Amino acid sequence: MGLGDPVLDVVVQVSHEFLASIGAQPGGCTLVEPAEMAALTAAATAAHGEAARLPGGSAANVLKGLANVAGGALRCQLVGMVGADEAGAYYTQQLRSHGVDATALQTSARSAPTARCLCLVTPDGQRTMRTCLGAAADLTSVSQIGAGWSPPALLHCEGYILHKPQFARDAMAAAKAAGSLVSLDLASFEVVRACRGALLGLLREGLVDVVFANEEEAAALAERPDAPVVGGDDDESARAARVEAAQALVLRHARCCVVSLGSRGAVARGADGERGRAAASQVSVVDTIGAGDLFSAGFLWAYLAGAALSTACAAGCAAGAEAVQTRGAALSDAAWARLRATVAGLLAAPPSGGAACAGRGAAARYGGYRRAPSSGAMASMASSGPGSSLGSVASAAWLPDLAEAARD
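Numbering (the working numbering), first residue to last: 751 to 1158.
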């Protein structure tokens, strides 16, 4: 299950000079009001031509990735809120067409439009985003989720939920109490800077198991003043020190911290001392929209199957490489098939140490989290029970089946 904002991406190819003219730092993401969104969109399209409209949203992109990499072996569901408008209907239809269950999507009771994100893509493929939440901002309480919720095996949360700290805490706490694994993608260095206190609070409460970040987000989390500028030159040892500092901070409370390094691959570290690294594929970059989200999807699919962290990193890098070769986060059928074959090959091969797929199996990833839900754990939510929604996916019996399916 994914928790996040259903966002319609408006993609415009722009120059570096245009970014500078609006005072935007490359690679960032900032919330804007409707008037500013309209002005920025008008300025971008006037200067650089027509925009493309694509269904997006970080959590939704991760779910689309998981649903397609799993080849139907997973039931993936998005929790969020859309507007009662054409954009909301289009978004819901597109989500379903990518294999994601939309039954937990709510419709705003007011006239707010479906969320939009202006994605400004520079010639180097880097995306800089400005988001107007609209209807997505109306989902503020777990009580609004309704009967579409039942405890999932995995609750994946996008970092933008940190702008609603109490909602984030309540949803994560309910999922953890019900035995779910919880993952969190930090979304943007700007989000981390703005919401660092809320993020640290969630970590200290033990509500997050797996944290995803890129280098800039890791630097912001560790509060390193020498954080690199996106795309800029930087000393490799300084970069590594920032990543280590962020991972050490996260692993005081979480089980795993994964940091993507762009064209240099990814590194992961577990609280048990395990480390993993993978190189990135060298491909031609169209844009980086959704690349981090699909990286997370590839990593999570392998991680849940019990793979070594190095294998999970490689699966994530393979997914991210496919994402950067297309416009937006929508892969072609051929790209999905290619990715499924690549990941299946990674999971079938022994890791570099020669041991069989880390020797843990999928159930080992959960440890004590696969207990039965405590009495009243989901009292704040309406649950549809084990016979519907994600109830069957949440059962412990699902775990060995997942490990087997990942290798098929």
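Even glycine gets a Cβ: it sits at the ideal position worked out from N, Cα and C. Model, not experiment: these values are computed from the prediction.
Among the options, nearest to residue i - alpha-carbon criterion
i, options, result
"Ala785", "Leu868, Leu753, Tyr1053, Ala944", "Leu868"
"Arg1090", "Thr780, Asp759, Val819, Val782", "Val819"
"Ser933", "Leu1011, Ser858, Ala1071, Pro902", "Pro902"
"Glu955", "Ala968, Leu813, Val1000", "Val1000"
"Ser1046", "Gly1020, Val1008, Arg1077", "Val1008"
"Gly833", "Thr842, Gln827, Cys826, Thr1076", "Thr842"
"Arg919", "Val760, Ala1073, Ala1030, Thr890", "Thr890"
"Arg803", "Ala1085, Leu1081, Arg1077", "Arg1077"
"Glu836", "Gly1040, Ala1016, Ala885", "Ala885"
"Ala1021", "Val961, Arg866, Val1074", "Val961"
"Ser1034", "Ala1068, Gly1042, Gln1075", "Gln1075"
"Leu813", "Val958, Gly849, Arg992, Tyr910", "Gly849"
"Ala817", "Ala969, Leu1044, Cys945, Ile895", "Leu1044"
Sequence-distant residues of its chain with Cβ nearer than 8 Å to residue i (five each side left out)
i, result
"Ala1106", "Because the pLDDT of Ala1106 is 40, which lies under 50, any placement of that residue in the model is unreliable, and the question is left without a value."
"Leu870", "Val762, Val764, Phe768, Leu769, Ala774, Ala794, Arg877, Thr878, Met879, Arg880"
Cross-strand partners of residue i (DSSP beta bridge)
i, result
"Pro894", "The identity of residue 894 in the sequence shown is Gln, whereas the question assumes Pro. Answer is none; Gln894 lacks a bridge partner."
"Asp935", "Glu908, Phe962"
"Met879", "Cys779, Cys869"
"Arg1090", "Answer is none; Arg1090 lacks a bridge partner."
"Cys945", "Paired residues: none, contrary to the question."
"Ser1010", "Asn964, Ala1016"
7 Å CB neighbourhood of residue i in its chain, flanking five on each side removed
i, result
"Ala990", "none"
6 Å Cβ shell around residue i - same chain, five flanking residues per side excluded
i, result
"Leu905", "Met751, Ala925, Ser930, Val932"
"Gly807", "Gly754, Asp755, Pro756, Val757"
"Ala1122", "Confidence is the limiting factor: at Ala1122 the pLDDT is only 32, short of 50, which leaves the residue's position unreliable, though a coordinate-based value still follows. The answer is none, since no qualifying residue turns up."
Outcome for residue i when other beta-carbon atoms lying within 10 angstroms are tallied against a minimum of 16
i, result
"Glu965", "buried"
"Asp985", "exposed"
"Arg1002", "exposed"
"Gln916", "exposed"
"Pro873", "exposed"
"Gly799", "exposed"
"Arg825", "buried"
"Ala796", "exposed"
"Glu967", "buried"
"Ser1083", "First, the amino acid is wrong: residue 1083 is Asp here, not Ser. Asp1083 should be labelled exposed."
"Gly1126", "With a pLDDT of 36 at Gly1126, under the threshold of 50, the modelled position of this residue cannot be trusted, and the question is left open."
"Arg1019", "buried"
"Ser893", "exposed"
"Arg860", "exposed"
Any C-beta of chain B under 8 Å from that of residue i
i, result
"Arg866", "Protein chain content of the structure displayed is limited to a single chain, and chain B is not contained in it."
Margin query: Give the list of continuous beta strand (DSSP E) stretches no shorter than 3 residues that lie fully inside the segment 797-838.
Written below: 802-806, 826-832
Checklist line | Completely contained alpha helix (DSSP H) runs for the segment 833-869, where each covers 4 or more residues | finding: 836-847
Checklist line | alpha helix (DSSP H) runs wholly inside the segment 1031-1056, at least 4 long, in chain order | finding: 1041-1054
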